[in-house]
Every structure is written in C-alpha cells, then in structure tokens.
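Positions in the sequence shown are counted from 1; adding 99 to them yields the working numbering. Glycine included, C-beta positions come from ideal geometry on N, C-alpha and C.
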Amino acid sequence: MKEMLNEIDWKSLIFGAAFCAVIAMFGSSPGLEILAPFASVGLLYIGYKGKNLTYGTILGAIGAIPLFLVAMYGGLGSFTITSTTVVLILISCLIIGALLGFVGALFHKNYIKTKKAKEQRGKNKKNKK
C-alpha cells in the first residue's frame with residue numbers, strides 16, 4: 100500500500116484537480132462559457148502523469164472529486180438537491196474523471212511508444228551509413 104502511495108505524483112494530482120474545478124467554476128459564469136471545455140485539461144494532465152493506464156484511470160476519478168464538491172456547493176449553478184441528484188452527479192463526475200484520466204494515460208503511453216520508435220529509426224539510420 101505504501102508503495103502505491105509513493106508512486107502517485109501528488110503535485111500533478113492536486114494541480115490537475117484544482118485546475119479542473121476552478122476552470123469549470125469560471126466556465127459556468129455568464130460570459131465565460133467558452134472556458135468550460137478546458138476544465139478537462141486538468142483531468143487529462145492527471146492521467147498523463149499516471150504511471151500506467153490503471154493509475155491514470157483511478158487518479159482521474161479521484162481528481163474529479165473536487166469538481167463534484169464544486170457542483171454540490173452551487174459553483175456550477177443551482178439545482179434541487181435530493182439524494183438521487185447527489186448520487187447521479189457523483190457517479191457522473193467519477194465516470195468523466197476516470198474516462199479523461201484513461202485518455203490522458205493513453206496519450207502518455209502513445210508518446211512513449213512514439214519516442215522509442217523515433218530512437219530506433221535514428222539508430223537504424225546511423226547503422227546504414
């Protein structure tokens with residue numbers, strides 16, 4: 100368990116979650132609606148900094164919890180709070196966070212694969228000369 104906690108990039112988790120929540124809150128303000136889609140960048144960053152696809156997915160879901168809290172306290176607009184809406188908003192935030200974390204981890208995996216392929220091509224060019 101301690102090893103898992105040591106492998107988490109805490110700085111990227113906190114920064115990504117805060118960025119997501121703050122940008123989503125500002126994006127719900129009148130006149131700043133253009134900012135709302137950019138809130139996903141924080142969750143993508145969390146997944147990108149994850150060690151693998153599993154970590155990226157789990158950390159993305161954890162990083163979406165501040166977004167849920169902002170929604171519950173009215174930062175994303177007012178709505179009638181019932182137990183059903185709370186559960187639905189929590190589940191949707193966790194699913195969105197997990198999905199964006201997975202996509203961010205997938206971006207990182209593809210980046211590593213591309214970087215290795217580029218290095219391999221560079222080595223092959225040197226051998227042909």
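message = Suppose contacts are defined by Cβ-Cβ distances below 8 angstroms. Is Gly126 in contact with Ala117 by that definition?
response = The answer is no: Cβ separation not under 8 angstroms.
task = Could you say which of Gln219, Gly203, Leu187 lies nearest to Gly146 if we only look at CA atoms?
result = Nearest to Gly146 by alpha-carbon distance, out of Gln219, Gly203, Leu187, is Gly203.
Residue nearest to Gly271 in terms of C-alpha spacing, selected from Glu132, Lys101, Gly141 = As shown, the chain starts at 100 and ends at 228. That puts residue 271 outside it, with no answer to give.
ask   = Residue range of the alpha helix (DSSP H) that Thr153 falls in?
value = Membership of Thr153 in the alpha helix (DSSP H) is indicated by the continuous run 152–162.
request  = Sort Ala123, Thr153, Gln219, Ile113 by Cα distance to Ala197 and report the nearest one.
outcome  = When only C-alpha atoms are compared, the closest one is Thr153.
key: contact_flag[the segment 187–194, the segment 158–173] where n(CB pairs < 8 angstroms) is 3 or more   = A contact exists between the segment 187–194 and the segment 158–173.
inquiry  = Going by DSSP, what residue range makes up the alpha helix (DSSP H) through Phe125?
reply    = In the DSSP annotation of this structure, the continuous segment of the alpha helix (DSSP H) that includes Phe125 starts and ends at 109–126.
ask   = Cα separation between Leu187 and Glu132?
value = Going by the C-alpha atoms only, they are around 23 angstroms apart.
message = Between Ser111 and Lys148, how many whole angstroms is the CB-CB distance? I'm expecting something under 8 angstroms.
response = Yes, they are in contact, since the Cβ atoms of Ser111 and Lys148 sit about 4 angstroms apart, within 8 angstroms.
request  = Compare the C-alpha of Met124 against each of Met171, Met103, Glu106, Met100 and name the closest.
outcome  = The shortest C-alpha separation from Met124 is found at Met171.
query = If we ignore side chains and look at the alpha-carbon of each, how far apart do Val121 and Gly155 end up?
reply = When rounded, the separation of the alpha-carbon atoms in Val121 and Gly155 is 21 angstroms.
query = Applying the criterion that 16 or more other CB atoms from any shown protein chain within 10 Å of the CB defines a buried residue, is Ala138 buried or exposed?
reply = Classification of Ala138: buried, given that the 10 Å Cβ count is 16 or more.
request  = Out of Asn151, Asn209, Ile180, state which residue places its alpha-carbon closest to the alpha-carbon of Ile107.
outcome  = Ile107 has its Cα closest to that of Asn151, out of Asn151, Asn209, Ile180.
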